[in-house]
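K.L.:
Take 700 as the starting number for the sequence shown in our numbering and just add one per residue.
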Amino acid sequence: MKHLLSITDLSTDEIHSILHLAGRMHQLQEARVKKLPYLKGRTVVNLFFEDSTRTRSSFELAAKWLSADAINVSARGSSVSKGESMRDTLMTLDAMGVDAIVMRHPGSGSVAQAAGWVRACMVNAGDGTHEHPTQALLDAHAMLTHFTRTRLGTLEGKLVSITGDLLHSRVVRSNVALLSRLGARVVLVAPHTLMPPGVKTWGVQVTSDLDEVISDVDVAMMLRVQRERMHGGFFPSEREYVAAYGLTASRLTRLRPTAVIAHPGPMNRGLEISSTAADDPRSIVLDQVSSGIAVRMSVLHHLLAD
Ligand code: NCD
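Below, the structure written as structure tokens:
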């Protein structure tokens, strides 16, 4: 594995290997001394052209817990704001001899393009509306950890609904690819205006009626309404969006007792997810965050260790 650009690039063996090692890395979170020696002397740069809290900080912690040197470069506060091109920024960092560049950028396909320019390993931390592979891997890891703990088995045959702003979401594309490979059944739920074009060809169930599926799902994954990517009216009003697509307190009562609630964050409480749902005992939102570090440690280990 030279780069991690998309889920579709990974073989099934690589997926299982990343998830397996993430399981071992996860134990480090409980340890008092959070340090493993595997990436000593290696350098990881987080290059973020878009805002982020959890993805950036968990990549940084993942690198540091593996003893790599990690630095953060964000578009704001860097020479990007002086007009430097993406290519020049990448070539500059690459010339410093860094080993991996974890990159988030608003352009779909930009990280794959960058991989053609640099010597370093590129990791896609979200490229436009294309893919966010480590998010899907951490979502799967959090679900699998939960199903193992509760003796509900694997993802094989589980029904996962992904509801929300699918049009602007890179998370949904990576998740559909990964969950299908792991044997889960996926149902996508959104108003017609927020369905990605060509979604019917993705090979998963598609509906605009959340109430039709909510009582059957094993995982209810809610996605953020991405206002910053919306130019125009995609739904009549927030109140109507909540009524039709929000994980409200009343829909929560129809969710199976064994089902879990997932959200990649950041959450718009009161919009796609109610506070009651976000804080429900069935919510695995914070487990997703802790799985994030383990999965990113595993990915960096796969790319950089010996
Ligand atoms: C997602 C992203 O940036 O694609 N967040 C994340 O990485 N945890 C989803 C989002 O922004 O809504």
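Each residue gets a CB set at the ideal place from its N, CA and C atoms; glycine is no exception.
Identify, in the order they occur along the chain, each residue of the same chain with its Cβ nearer than 6 Å to the Cβ of Thr707, setting aside the five sequence neighbours on each side.
P.N.:
Ala876
K.L.:
Output yes or no for whether 8 Å exceeds the beta carbon distance between Glu879 and Gln834.
P.N.:
Here residue 879 is Ser; the residue named in the question, Glu, does not match the sequence. Between Ser879 and Gln834, the gap from beta carbon to beta carbon reaches 8 Å or more.
K.L.:
Look at Val801 and Asp826 and say whether their C-beta atoms are less than 8 Å apart.
P.N.:
Against a cut-off of 8 Å, the Cβ pair of Asp826 and Val801 comes out as no contact.
K.L.:
On the DSSP letters alone, give me the boundaries of the beta strand (DSSP E) that Val918 sits inside.
P.N.:
Val918 to Met921
K.L.:
For Gln987 and Pro963, I'd like the C-alpha separation in whole angstroms.
P.N.:
7 Å
K.L.:
Leaving out five residues on either side along the sequence, give the residues of the same chain with a beta carbon under 7 Å from the beta carbon of Ala1004.
P.N.:
Tyr737 and Leu738
K.L.:
In terms of alpha-carbon separation, which member of His1001, Ala948 and Leu765 lies closest to Ser982?
P.N.:
It is Ala948 whose Cα lies nearest to the Cα of Ser982.
K.L.:
Look at the Cβ atom of Thr862, then the Cβ atom of Leu922, and state whether they are nearer than 8 Å.
P.N.:
yes
K.L.:
Quick check for students: name the residue ranges of the alpha helix (DSSP H) that lie wholly in the region 764-806, counting only runs of 4 or more.
P.N.:
785-794
K.L.:
For Met821, does the three-state DSSP call read helix, strand or coil?
P.N.:
strand
K.L.:
Would Leu970 and Val998 qualify as a contact pair, given that the criterion is a beta-carbon distance under 8 Å?
P.N.:
no
K.L.:
With 16 other CB atoms within 10 Å as the buried threshold, where does Pro832 fall?
P.N.:
buried
K.L.:
Under a Cβ-count criterion, where at least 16 other Cβ atoms within 10 Å of its own Cβ denotes burial, should Met724 be classed as buried or exposed?
P.N.:
buried
K.L.:
Quick check on this structure: which residue in Gly882, Leu887 and Thr847 has the alpha carbon closest to the alpha carbon of Asp864?
P.N.:
Leu887
K.L.:
Once you ignore the five residues that flank Thr892 on each side, which residues in its own chain have a CB closer than 7 Å to its CB?
P.N.:
Counting only Cβ-Cβ distances below 7 Å, and skipping sequence neighbours, we find Phe933 and Phe934.
K.L.:
Is the distance from the Cβ of Leu836 to the Cβ of Leu718 below 8 Å?
P.N.:
Annotated as proximal: Leu836 and Leu718, with beta-carbon spacing under 8 Å.
K.L.:
Which residues end up in the neighbourhood of ligand 1 when you take C-beta atoms closer than 6 Å to any of its heavy atoms?
P.N.:
Arg753, Thr754, Gly825, His831, Gln834, Arg869, Val870, Arg923, Gln925, Pro963 and Gly964
K.L.:
For the candidate residues Met785, Leu727 and Ile972, whose alpha-carbon lies nearest to that of Glu749?
P.N.:
Nearest C-alpha to Glu749: Met785.
K.L.:
Helix, strand or coil, according to DSSP, for Glu971 in the structure here?
P.N.:
coil
K.L.:
Between Ile913, Glu937 and Arg926, which has its C-alpha nearest Arg955's C-alpha?
P.N.:
Ile913
K.L.:
Between Glu911, Asp917 and Arg731, which lies nearest to Ala961 when the distance is taken from Cα to Cα?
P.N.:
Asp917
K.L.:
Are Thr742 and Asp798 touching if we call contact CB-CB under 8 Å?
P.N.:
yes
K.L.:
Apart from the five residues just before and just after Thr849, which ones in its own chain have a Cβ nearer than 8 Å to its Cβ?
P.N.:
The residues are Thr957.
K.L.:
Just to confirm the assignment: which complete beta strand (DSSP E) runs, minimum length 3, are found wholly within the region 906-952?
P.N.:
918-921
K.L.:
Among Asp908, Met842, Ala774 and Leu792, which one has its Cα closest to the Cα of Glu819?
P.N.:
The question names Glu, but residue 819 in the sequence shown is Ala. Ala819 has its Cα closest to that of Leu792, out of Asp908, Met842, Ala774 and Leu792.
K.L.:
Where does Thr707 fall in DSSP's three states?
P.N.:
Assignment of Thr707 by DSSP, reduced to helix, strand and coil, places it in the helix class.
K.L.:
Is DSSP giving Ile861 helix, strand or coil here?
P.N.:
strand
K.L.:
Would you list the residues sitting across from Val885 in a DSSP beta bridge?
P.N.:
Val859
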